[in-house]
Every structure is written in structure tokens, then in C-alpha cells.
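To start, the structure under review is shown below, and the notes come after it.
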Amino acid sequence: MGSRARPGLLLLSLLVVGGLSFLAPSVRAVGADVTIRMLGEAPIANADGQPIWVAGIWHEIFVNLTAATAGSVEVRASLPGGSPKTMDADYDWLYDAANATWTDAYYALFIRSDLSYTDGQHFVFVVGVDAAAIPGLWTVHIIAGGSTIVTETVEIQAPSLSYGLSAADFTFQVEPYSTADISSEPGNQYLRASNVGNVPLRMRVSFDVLQSHLSLVNPADVAHPLTDARYYVRLVMDPSPPEVVDVNGLSQVSVVNVIPSPGAAQLVPTIEQPFTLHVFVGRSGYAVRAIGNVVFQSLDSVNVAYGSIVTWQVFLNGGQNVSLDVSASGARLVGVLSSGTKLVLPTTLVLSPESEYPLTIQVEATQAGTGTVSFSLHLLSTGDSRTFTTSVRVNGGPAPLLSAEVSYLWIIGSALAAVTFVLMGVSQWRHRTGRFRGQAKGPERPAKRGYNSRRRARVGRNEKRPNESKGDNGAKRSPRSPRPKGVRESR
Amino acid sequence: MTRFFRVPLRRCLVAGLVFFALVLSLGHAMAGDSGSAEGGGPVGVTVTNQAPVVTQFDIRTTSNASLMGSQLDVRTTYWIWVTVYDQNNWSDIKQLDINLWYDGGSGSEKTYWQQTGGANLRVNLTYTNSGVNQPSVTQWSLEQGNTNFTATTVAIGTNTVNQNYSFRIPLELRSQIRQANDPTASGTSGYDDLGSWNAQFVALDNGGNNVTQQQSEVSGVFYEFGVFKYTGITLVGSPWTGGSIAPGASATTGTRNVVHESNAPYKLSVYVTTTLTSPTDTIAVTNIMVTAAGDATDLITTDTAFTGLGIANRIYLLGSASTTQPFDPSVNSETTGLQFKINVPLGTPAGAYSANIVVRVEQP
Numbered sequence: 012m013g014s015r016a017r018p019g020l021l022l023l024s025l026l027v028v029g030g031l032s033f034l035a036p037s038v039r040a041v042g043a044d045v046t047i048r049m050l051g052e053a054p055i056a057n058a059d060g061q062p063i064w065v066a067g068i069w070h071e072i073f074v075n076l077t078a079a080t081a082g083s084v085e086v087r088a089s090l091p092g093g094s095p096k097t098m099d100a101d102y103d104w105l106y107d108a109a110n111a112t113w114t115d116a117y118y119a120l121f122i123r124s125d126l127s128y129t130d131g132q133h134f135v136f137v138v139g140v141d142a143a144a145i146p147g148l149w150t151v152h153i154i155a156g157g158s159t160i161v162t163e164t165v166e167i168q169a170p171s172l173s174y175g176l177s178a179a180d181f182t183f184q185v186e187p188y189s190t191a192d193i194s195s196e197p198g199n200q201y202l203r204a205s206n207v208g209n210v211p212l213r214m215r216v217s218f219d220v221l222q223s224h225l226s227l228v229n230p231a232d233v234a235h236p237l238t239d240a241r242y243y244v245r246l247v248m249d250p251s252p253p254e255v256v257d258v259n260g261l262s263q264v265s266v267v268n269v270i271p272s273p274g275a276a277q278l279v280p281t282i283e284q285p286f287t288l289h290v291f292v293g294r295s296g297y298a299v300r301a302i303g304n305v306v307f308q309s310l311d312s313v314n315v316a317y318g319s320i321v322t323w324q325v326f327l328n329g330g331q332n333v334s335l336d337v338s339a340s341g342a343r344l345v346g347v348l349s350s351g352t353k354l355v356l357p358t359t360l361v362l363s364p365e366s367e368y369p370l371t372i373q374v375e376a377t378q379a380g381t382g383t384v385s386f387s388l389h390l391l392s393t394g395d396s397r398t399f400t401t402s403v404r405v406n407g408g409p410a411p412l413l414s415a416e417v418s419y420l421w422i423i424g425s426a427l428a429a430v431t432f433v434l435m436g437v438s439q440w441r442h443r444t445g446r447f448r449g450q451a452k453g454p455e456r457p458a459k460r461g462y463n464s465r466r467r468a469r470v471g472r473n474e475k476r477p478n479e480s481k482g483d484n485g486a487k488r489s490p491r492s493p494r495p496k497g498v499r500e501s502r
Numbered sequence: 008m009t010r011f012f013r014v015p016l017r018r019c020l021v022a023g024l025v026f027f028a029l030v031l032s033l034g035h036a037m038a039g040d041s042g043s044a045e046g047g048g049p050v051g052v053t054v055t056n057q058a059p060v061v062t063q064f065d066i067r068t069t070s071n072a073s074l075m076g077s078q079l080d081v082r083t084t085y086w087i088w089v090t091v092y093d094q095n096n097w098s099d100i101k102q103l104d105i106n107l108w109y110d111g112g113s114g115s116e117k118t119y120w121q122q123t124g125g126a127n128l129r130v131n132l133t134y135t136n137s138g139v140n141q142p143s144v145t146q147w148s149l150e151q152g153n154t155n156f157t158a159t160t161v162a163i164g165t166n167t168v169n170q171n172y173s174f175r176i177p178l179e180l181r182s183q184i185r186q187a188n189d190p191t192a193s194g195t196s197g198y199d200d201l202g203s204w205n206a207q208f209v210a211l212d213n214g215g216n217n218v219t220q221q222q223s224e225v226s227g228v229f230y231e232f233g234v235f236k237y238t239g240i241t242l243v244g245s246p247w248t249g250g251s252i253a254p255g256a257s258a259t260t261g262t263r264n265v266v267h268e269s270n271a272p273y274k275l276s277v278y279v280t281t282t283l284t285s286p287t288d289t290i291a292v293t294n295i296m297v298t299a300a301g302d303a304t305d306l307i308t309t310d311t312a313f314t315g316l317g318i319a320n321r322i323y324l325l326g327s328a329s330t331t332q333p334f335d336p337s338v339n340s341e342t343t344g345l346q347f348k349i350n351v352p353l354g355t356p357a358g359a360y361s362a363n364i365v366v367r368v369e370q371p
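Each protein sequence line maps, in turn, to chains A and B.
FYI, in this note's numbering the residues of the first sequence are 12 to 502.
FYI, in this note's numbering the residues of the second sequence are 8 to 371.
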């Protein structure tokens, strides 16, 4: 008997549990399930799992009944405690089955009857609340056959248009007279569009030049809320001569699915952010510089061992002739050659836009450190002038003096020179004044003699000593005459 | 004394002095770092304090691609990798500093300590040790800089227990960290890409050794990097609406705050792309004005009407056609109020009119 009673008890338990489950709030909506989302967007929810409804934006409310109905279906949304029948806090939308009409019962504004539809069991209301509706937790009721079949809490949020754009320093290098199909991805240069607001944004990127050559890789039309997308730029170029093309890019975003204002005038914002790209058609490793319609290609820097000669080429092309002068500082310009012939500078070059004019530059590293080669271009038609430089980095060689050291040396040298001049002046003055004094005081007091005179006298005395007996008072040796061997001057 | 003795003596004196100097020099050169004791006492050895050795310093993507010498994006997480070795054991390490700074962009390159402009121009991550032989993530802290850093996200790798450790430090530059050029010409002779950010790593030990690493330990190239341009705008709330306006009257919209971000000097302007249009009629664009009341600090001091459609008729709120608004080196964003006034001419048919307004933030 006991064993028989157990299945009965289990059945009873299931019935009780099943019966209670109909009373639970989440299961009372069994008659319908409801989904709320912005048009074309995935549903979003707050931290508590409650659907987010953004004010001022068209939304879809999917009401899926468990069975078809011939009656009307109504959706009510209101802010608890809010003023009834105000756009701030209270809305009512109705599908009238008898007339097959979709209406905004209170304002006749906030429903898109053209987009709303039903098959008798599934109802899609395309509706919205005014952008000025009070943010907070609202209650949504789904009413069918005069009874509320679903009650749900949703969070109404104010619309937030928040968009950021990151842009790299886009630079594309294309070989002259070659086709190119390159992406900015290897250089990790990209545009990053960040929609950190809660509304979808229609995005558009444009370029002012090279429109048919530049494009975004895998572009998207819509930046969805709280998304972040990177877009690399692709450049497709036909063969072209060396040139520098500066491109102005423009990113524009605007809110999609905005509900028109109920007022007389509404200003809908778009956000616009420009960015730039640079296309250098030039030889790899070369700096491409433009002046007017003339392009000059040279290296930013060259390396050379001290005492050696470095040789490199520069290239010019353009729509007018130029006068070129080249000079070097911190190095020696050996020559500028065209087709093996050394040019006399400054020289006039006949340029063409369709071909490059190559020149060979030879520079000798005569100093340690970094030198500079300057190329001065003067455009003969337009009169524009510009100077471009190439650094010559010299490896090895004597360490150049620091400027501080040079200054100290100058100071010391100047001081020594000054002291020397002063001493010379004093010596001359003493010599002359002594001679005059000697003449003035008469023969009893010998005139003061100068250095050379005293020196000659000393030499004479030294030479005289061994021969004093001969009465030789010293034959005067010319200061420049060779000193007798073995005789050392004493000072 | 006769000359016979005088000259040799003089030569001997000179030779002796030279020899003495040589002996002194040799003794100085041969003097070791370690001390020694002599005599009858116990023999003692002084262990020298070895300077910390930095064997790695790099900024990488989270895919481990090095970005030193190229540009970093803002609002993106990067990894700073550091490996430091101390022969005296890790407890000898007193402090580690990661210094990132904008070089000033003009004149001569600023050092880290010269760059005092603001939190968007200088970043300092510091590791502080107080004798601990095993590093922990919480010893790292952000001392300066508008960046997102969380110490608990630092990863520590042990290369040699108690001596050699690697740190992987996630760091995100905030949106107004100063834009800087891609340093295309970084060299081995110094920080030389003006207009870029510089980086250095400083290790200080308890023996007073201060090791500053400014160049790649492999290539010798100085640590420089750039930062992407960033501009952003946030508008919160409903569009600008004029409500119901009678013909011949005017109304002002509400004031909306335009929160704008730019990591370089910028211009902020507005213009109209489509005039006020209803399904059947239009109101001329010259009836839309930017009000002076929208913001007391912008350039609009009297209500100013648009003179036409398009960017050619833009109204500058900050900056002008020829000048820029200075970059704010300290904040993460700035706010400018924007309000419009709409005139409805007499004879305008009733209806709901809408126009498109463009808010433009640009770095020239």
C-alpha cells in the first residue's frame, strides 16, 4: 500500500508546483512574450536585466501571443507617479482589430502605423516616447481582450549621442609610375569609430580628393550603441609621377530613427570630424617634397665613414624649370653630377612632369659629427624658392669640440693674446723710455739696453771668457748665426 | 753647483716626478672596489652593490607587437613590458619608474622633469619596494597622467627567483592625452623627433645606483612614440526644439551641453546643412541663430544668425578660421553650451519644421 501511495504523492506534488507556477509573475505572461528594441538594433538591457528604451528614438515592441486573437491589443507605458496623458510620463498605443488600425491614443504622434504589423498572433508596434520623456523605470502593460497579459518594467533613458574618432597619421608611399593597391593595416594606421552613446549612428566617411582611389576596408553604415570599430584605409593608384597628395577625410555621424519633434521646429544634430591622409608618390626610402608643381626627392639623411665620400641620387620632376644650387656645411661637396658630368652650380634644370631628372650627389665627410647638404630650388616660372636639406651623419673621426669647449678655448686664447700684447707693449715702452732717459742723462750713466742688446752682450761675455787674455771684447754674433757648438745660452 | 751637476740633476728630478706620478696613477687604477683587511684581525669582504640591469622596456599591443617608434591610440589598452635584474637580490631594488612625456613639440626636446604642463602631457608609473624580495602587483601605482591603470591587472613573470623579474603592465591613454606625430626618424643619438612622446625607464636601488634606460637595449634607438588624433563629441538629451512658435514670433531652444574632446588644439563650430523644412514649406536658414546665452565663455557674444547653408557659413564657437582653441593639458573633456533661437516669419504656414545642424570639432 505504501508503495502504491508514492506515485500518487509525486503526481500531487507536480500538480501543486504546476499550479503555483501559474501564479508567479514571470509565468503569468505565458500568454505573450514581449521584446523591446530600437529599430534595427539588438535588445539592450540594464544591469538588472530590464529592457532599455531610449527616448526620442523609434522602437519595436514585439508582442507574441501564445495563440492568435481576433481582438484588439494595447500597449501602455507610463512612469509610476507621473502625470497622466503627458508626453513626459504616459503613452497608450492600440491595434484596433475591428478596423485594423494602429493608433497613438493620446498624441497621435508616436506610432509608425506604416511600419507596424500583425498576423493575428504576433504584433509589432513601432512606437516611441518623446525625447523629453522623463528618464527612469517605467511600467509597460500589454493588454489583450481587455485584460493585462504582461506587465514589464523598462528603463527609459535620455538619448545620448556620443561619438569619438581616432585617426592615425595616415601616410601611403607609392612607387612612381607604378600601380599600387595598399592598405594601411600593415602600418597599424586606422580610423577608430567609437559610439559610446545609446543611440545608433549612421556613419559616413568621405575624402575630398582621390575619392575613387581611397576607401575604407569593410565599412559599416551604422555605428551601433556601445560599439567600437576600426577601419583601415585602402589606396588603389594608377601609375603616376612623383607627387605629394594631401587628402582631407571627413567622418560624419547622425542619429538614425529619430522621432520628429511634436513642436514647430527641431534641429537634428550631426557630428563631424575631419582627419588627414598623405599620399607620397616617390621612391622607397626617399623623402618626397613638393614646391609648387615641382617635386624633389632626396634622402633625409645619409651615413658615411669619416674621410670617405658618400654618393646618392636625388630626383626632380615637375611642370616648370628650376635653378638648383647645392651647398654643404660640416662636409665637403665633391660634386653634383648629371649623366656623369659635373655640373657648375647654380645650374638650370629642364624638368618634365612625366619623367624624373636624376642627379648624383657626392659629399666627403671631412668633419666628425653631422653635416648638412642644402638643396636650394628656385622655380623659374612662378618664382617660388625653397631649400631642402639632407643630413650627413659621419661615423668615426675626431670628436668634435663641444661648443662649451670651443668657448673656453676662445676665452683662454684671447686672454693669452691680450697678455702677450700687453707684455710686448710694456717691453717696448720700457725700452724706449730707457733709451731716452739714457740720452738725457749723459754718457756718465749708460743707457738702458733692450733685450737683444743685453743678450748679445751676455753671449759676447761668454765667448770672451776663454780668450780674455787676447783682449777680445767679443765679436758680435748675429742673432741668426749658428751658435758655436758646445755653447749653451744661459738665461 | 756647476753646470756639470746642475743639468743631470734637473733631468733626474723631472724623471723622478714622472715616475712618482706613474706610481700614484697605477695605484689608483689598481685599487679594487672591494676592501681588504690586513694585520692580525679577521679577514672581511665587502660585497659591492651592483646597479640594477634593465634588459627589456617596450610598449606593445595586447598581441605583443612593439609600438615603440610608431603611434599609440587613445582609449586602447597597451602593455608596457619591463624586465629588471638585480644581482644583489630584488630587495635591493628601491624604486622603478616608467616615464612617458610629450617633448613639447617646439624648441628643444623637453626632459621628463621639464614637462610640467599637465596630466595629458606626462605619465609616471612607479614601483615602490621596501626591502621585499618578491615583487607584488600592488607595489605599482600611477603617480601622474590621465591614463587608466589598475595595479591588479599587472602580471609578474619570474626569470630568476629573488633577482630577475618581468612586468606586463596594462595601460590605457585617456582621450585627451596629447596627440603626437609618428616618430619616423628616431635615432641613436638622442630624442630627436620633435612633436612626439618620449619614454624612459628608471631603476633605483638601495645602494644609490640610478639606472636610466632611454634607448633600445638592442638597437640603441631612443624610445619615442606618437599618439593618434582624437576628437569626440557627446550630446545628451533631446534635440534642440523650439516648441510651438507663432508666425512673426521667435523662440529659443533649450541649451544643450556639447561635451567635446580633442587631444590637440582645435576648433569647434556649427553650421546648418538643410534649412527648416516641413512637408510643404521651408523657413530660411537666416532665421536660425546661435545665442550668446548658450555659453558665456565661447566666442558668441551676440545672437548670431547663419548667413547660409553649408560649412562656408559656419559659426565658430571656439577658435576661428585662422586660430585654434588651446588644448587643455589637464582635463579629459570640455563643455560648451549651445542654444539656438528660431524666428518664424509672418505668413509661415503651420507645420512641424526640422533642420539638420552639424557640430564640428577639428584639429587643424
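Glycine included, each C-beta is placed from N, C-alpha and C at the ideal position.
Going straight from the alpha carbon of residue i to that of residue j, what length do you get?
i                 : j                 : result
Thr62 of chain B  : Val91 of chain B  : 6 Å
Gln324 of chain A : Ser223 of chain B : 31 Å
Ile163 of chain B : Ser269 of chain B : 35 Å
Gly318 of chain A : Glu375 of chain A : 7 Å
Ser251 of chain B : Asn206 of chain A : 32 Å
Thr342 of chain B : Thr112 of chain A : 46 Å
Ser113 of chain B : Val52 of chain B  : 53 Å
Val269 of chain A : Gly261 of chain B : 18 Å
Gln170 of chain B : Asn71 of chain B  : 24 Å
Gly60 of chain A  : Thr311 of chain B : 46 Å
Thr309 of chain B : Ser276 of chain B : 16 Å
Gly255 of chain B : Gly51 of chain A  : 41 Å
Gly19 of chain A  : Val161 of chain A : Since pLDDT at Gly19 of chain A reaches only 44, below the 50 mark, its modelled position is unreliable, and the value read off the structure follows with that caveat. Using only the alpha carbons, I get a separation of about 34 Å.
Val266 of chain A : Asp107 of chain A : 31 Å
Going by beta carbon distance, what residues of the same chain come within less than 6 Å of residue i, once the five residues before and after it are set aside?
i                 : result
Ser501 of chain A : Note that Ser501 of chain A scores 35 on pLDDT, short of 50, meaning its location in the model is unreliable; the coordinates nonetheless yield the value given after this. Excluding residues within five positions, none has a Cβ falling inside 6 Å.
Ser148 of chain B : Thr133
Leaving out the 5 sequence neighbours to the left and right, which residues in its chain are closer than 7 Å to residue i when beta-carbon positions are compared?
i                 : result
Thr282 of chain B : Thr289, Ile290, Ala291, Val292, Leu316, Ala362
Asn314 of chain A : Arg404, Asn406
Tyr198 of chain B : Asp110, Glu116, Asn205, Phe229, Glu231
Val366 of chain B : Ile240, Val265, Val277
Asp219 of chain A : Val258, Asn259
Could you please give me the residues that DSSP links to residue i through a beta bridge?
i                 : result
Phe232 of chain B : B:Trp204
Pro280 of chain A : B:Ile364
Met214 of chain A : A:Val264
Pro369 of chain A : A:Phe326
Pro62 of chain A  : A:Ala56
Ala88 of chain A  : A:Tyr102, A:Val151
Met49 of chain A  : A:His70
His6 of chain A   : An answer regarding residue 6 of chain A cannot be provided, because it is not within the stretch 12 to 502 covered by chain A.
His267 of chain B : B:Ile240, B:Glu341
Pro285 of chain A : A:Leu261
Val345 of chain A : Beta-bridge pairing links Val345 of chain A to no other residue.
Quick check on residue i: does DSSP put it in helix, strand or coil?
i                 : result
Thr162 of chain A : strand
Asn294 of chain B : helix
Ser438 of chain A : helix
Ile318 of chain B : helix
Leu427 of chain A : helix
Val355 of chain A : coil
Val144 of chain B : helix
Trp88 of chain B  : strand
Gly354 of chain B : coil
Gly39 of chain B  : Annotation note: pLDDT 38 at Gly39 of chain B (below 50); position unreliable, no value reported.
Gly1 of chain A   : What is shown of chain A runs 12 to 502, which leaves residue 1 of chain A out entirely.
Only counting the same chain, and skipping five residues up and downstream in sequence, which positions put a Cβ closer than 8 Å to that of residue i?
i                 : result
Ile154 of chain A : Val84, Glu85, Val86, Arg87, Ile160
Thr129 of chain A : Val84, Tyr106, Val135
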